[in-house]
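For the sequence shown, the positions run 1034 to 1538 when the working numbering is used. Idealized CB from N, CA, C, for every residue including glycine.
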Amino acid sequence: MGEECSDDTESVTESIRHGKVKPPDGGWGWVIVFSAFLINVITDGCSYSFGVLFVFLLDYFQESRSTTAWIGSVFCAVPLLCGPIASVVTNRLGFRKATIIGGLITAIGFILSAFVHSVGAMAVTYGCIAGLGISMPYLNSIVVVAMYFEKKRTLATGISECGAGIGTLIFAPLYEYLIMSYSWRGAVLIIGAISLNIVVCGAVFKPLEGTQQYIDVQDSDCVDKVFTEQDQADDDGLLTINGGVLVSNSLKSQDIYKSNPSLVLESNSVLGESVATSPSIVRAAVSCHDLRETTKTPCKRMNKPLIDISIFTNARFVMFTLSSIILYFWYDVPYVFTVDRAKNFGITEKRAAYMVAVIGISHTLGNLLYGFLGDRKQINRRYLFSGSLLLTGVVLTIVPLFTTFLPCTILAGLFGLLSASAEALTSVIIVDILGIDKLTDAYGVVMFLQGVSNLVGPPVAGWLYDTSGSYDQTFYSAGSCIGISGIIVFLTSLIKQKKEPHQNE
């Protein structure tokens, strides 16, 4: 190996401070929002419209509701269970490549589902394979939007998450039409083709520009000397040196800098291209000779773990995660069982499918509403989320009191409106608690734990019907537990700890 280091460097823009790129809050960011919106139309549209497909699968496979519900349960759970996997893949490959790969896997899963002959096989193809594929675009559609926006982060997230509501609005009647026209197998095959649009959406996930590639040491006997933000005093600034490169005061005083000022500020990655390492590391890259001459002790390379487990030391984050676990155990109950419950009371299949579409319409409006409210400085986002969950619980609790089309449709609309708070506010509240740098890891972990709940929740809800002969116990349980979830979110604001990275009190 040669002893000289590569000199392929670029200057760092003035927008970088402590290794971070200032979000543009617009520009190409709105293209990112639109692509994330379309991804959510497809992924969430398929998930939330499963109740329409569920009815036909019951007739075809002739299995119990709790057994057949495993298909939808696995499909809704696996994208979340694979959150940490999606986070690792994204860290290694970047938003763009990970999303494209996820879109291809999703299409393969749906297409294979058109050829299965058992509930178990469909749980593997429709649930596991397609679900694994969805996990990557699902995670990235949230994180990349948060990366591109700061002041308008909640609004941008709300707009992109409108895709969930629009997807439900489109896919519920679309599923109905396709099944009636081509059978459920033909419908799933066509959905697989539609899901290939995720690949196109992922291609526009352009990484944020302005970060600096670091100069690597070419000698295997030497490793880099790493200085982190912890090495800097609180009042250390970043000074401009040759070529527009930035370096901290504390690093400039080091012998390793004096021997060779070819230092660069590294984000460790171009945001959006790879978030594998902390975006606030200053790396000194010098020749092997200079390293040997200027360092008295062996240099050690800083390795970042696949998942940053330090997030679990934050009590507010732990409680917020607990709330999400409870919420997502029951979150899919209206989506999965509304159609079947309506049919039990003599409501036609077509009108029942419209009830699910109403959830989609109100869910879309809810995402816009919560996106707007969440960016208001005078509104505490956690109080807003807590109150919305409490009201969602009340709505689900009173569902068993009504059996006709109009009141059930009104309640479905209220559920869609209020439950949108979970999608519009979850990621921004995590940023409030932990900061943007830990969003990818934290959201991946939250996705996994939500997935565990999603995996078990619908079968338990179906079991309650099988044992009682009615959906009353299912909706009573869902409403009360989601209400408890809201209370837990409220309690997170009462925990005293050090100042959070971004607060919206």
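When the Cα atoms are used, what is the spatial distance from residue i to residue j?
i       : j       : result
ARG1414 : ASP1077 : 24 Å
VAL1237 : PRO1170 : 12 Å
THR1371 : ALA1385 : 7 Å
GLY1135 : LEU1444 : 35 Å
ALA1574 : THR1442 : An answer regarding residue 1574 cannot be provided, because it is not within the stretch 1034 to 1538 covered by the chain.
ALA1156 : GLY1484 : 15 Å
VAL1522 : LEU1458 : 12 Å
TYR1159 : SER1146 : 6 Å
SER1526 : ALA1154 : 45 Å
THR1436 : TYR1208 : 24 Å
ALA1140 : ILE1227 : 8 Å
LEU1482 : LEU1113 : 7 Å
TRP1217 : ALA1189 : 35 Å
ASN1124 : THR1132 : 12 Å
SER1068 : CYS1079 : 17 Å
GLY1446 : ALA1390 : 9 Å
SER1503 : GLY1490 : 17 Å
LEU1086 : ILE1528 : 44 Å
THR1187 : ASN1073 : 16 Å
ALA1348 : PHE1094 : 46 Å
PHE1143 : LEU1222 : 6 Å
LEU1417 : ILE1224 : 36 Å
ILE1380 : TYR1498 : 18 Å
TYR1290 : ALA1110 : Because the pLDDT at TYR1290 is just 44, under 50, the model does not fix this residue reliably, and the point stays unresolved.
THR1473 : SER1120 : 6 Å
TYR1361 : SER1193 : 20 Å
GLY1495 : LEU1424 : 24 Å
ILE1466 : SER1168 : 23 Å
VAL1369 : THR1507 : 12 Å
LYS1258 : ASP1341 : Low confidence applies here, because LYS1258 scores a pLDDT of 41, under 50, leaving its location unreliable; read the following figure in that light. Computed Cα separation, rounded: 22 Å.
VAL1428 : ILE1175 : 27 Å
LYS1410 : VAL1479 : 26 Å
Determine the extent of the alpha helix (DSSP H) in which residue i is found, giving its start and end residues.
i       : result
TYR1509 : 1505-1525
HIS1396 : 1382-1407
PRO1492 : 1472-1501
TYR1361 : 1348-1363
PHE1448 : 1438-1467
SER1193 : 1186-1228
LEU1130 : Checking the displayed sequence, the identity of residue 1130 turns out to be Lys instead of Leu. First-last of the alpha helix (DSSP H) with LYS1130: 1128-1146.
ASP1373 : 1366-1377
PHE1089 : 1083-1094
GLY1166 : 1163-1181
PRO1010 : Lying outside 1034 to 1538, the shown extent of the chain, residue 1010 is not represented and no answer is given.
CYS1542 : No answer is possible for residue 1542: the residues shown for the chain start at 1034 and end at 1538.
ILE1528 : Unbroken run through ILE1528: none, as it is neither H nor E.
THR1425 : 1414-1431
VAL1152 : 1152-1155
Are residue i and residue j closer than 8 Å when you measure CB to CB?
i       : j       : result
ILE1344 : PHE1353 : no
GLY1084 : GLY1393 : no
SER1513 : LEU1422 : no
SER1452 : ILE1358 : no
ALA1475 : ILE1462 : no
LEU1091 : ILE1104 : no
LEU1229 : GLY1219 : no
THR1100 : VAL1149 : no
CYS1115 : LEU1071 : no
LEU1524 : LEU1450 : no
TYR1355 : VAL1107 : Per the sequence presented here, residue 1355 reads as Leu, with Tyr not at that position. Contact flag unset, no.
GLY1191 : GLY1407 : yes
THR1233 : LEU1137 : This sequence places Val at residue 1233; Thr is not what is there. No, the pair does not count as a contact, with Cβ atoms beyond the cut-off.
ASN1377 : GLU1456 : no
GLY1420 : GLY1516 : no
TYR1403 : SER1454 : yes
TYR1215 : PRO1057 : no
SER1082 : PHE1204 : yes
Would you say residue i touches the ligand MN, meaning its beta carbon is less than 7 Å from a heavy atom?
i       : result
LEU1207 : The ligand MN is not part of this structure, which contains no ligands at all.
Taking residue i as the reference, give the member of the options with the closest Cα.
i       : options                               : result
TYR1364 : PHE1448, LEU1401, ILE1528 and GLY1198 : PHE1448
GLY1477 : CYS1161, PHE1108, VAL1088 and LEU1172 : LEU1172
THR1346 : LEU1241, VAL1461, ARG1409 and LYS1471 : LYS1471
PRO1206 : ASP1058, LYS1185, LYS1383 and GLY1166 : LYS1383
ILE1065 : ALA1179, SER1454, ILE1203 and CYS1109 : ALA1179
TYR1509 : VAL1493, THR1430, ASP1465 and PRO1492 : THR1430
PHE1405 : ILE1167, VAL1176, CYS1195 and PRO1057 : CYS1195
ASP1505 : MET1388, PRO1367 and ILE1520          : PRO1367
PRO1440 : MET1388, GLY1468, GLY1420 and TYR1403 : MET1388
HIS1128 : LEU1241, LYS1185 and PRO1057          : Reading off the sequence shown, one finds Phe at residue 1128, where the question assumed His. Measuring from the Cα of PHE1128, the nearest candidate turns out to be LEU1241.
GLU1096 : SER1395, GLY1516 and PRO1492          : PRO1492
ILE1469 : GLY1235, GLU1183, ALA1375 and GLY1198 : GLU1183
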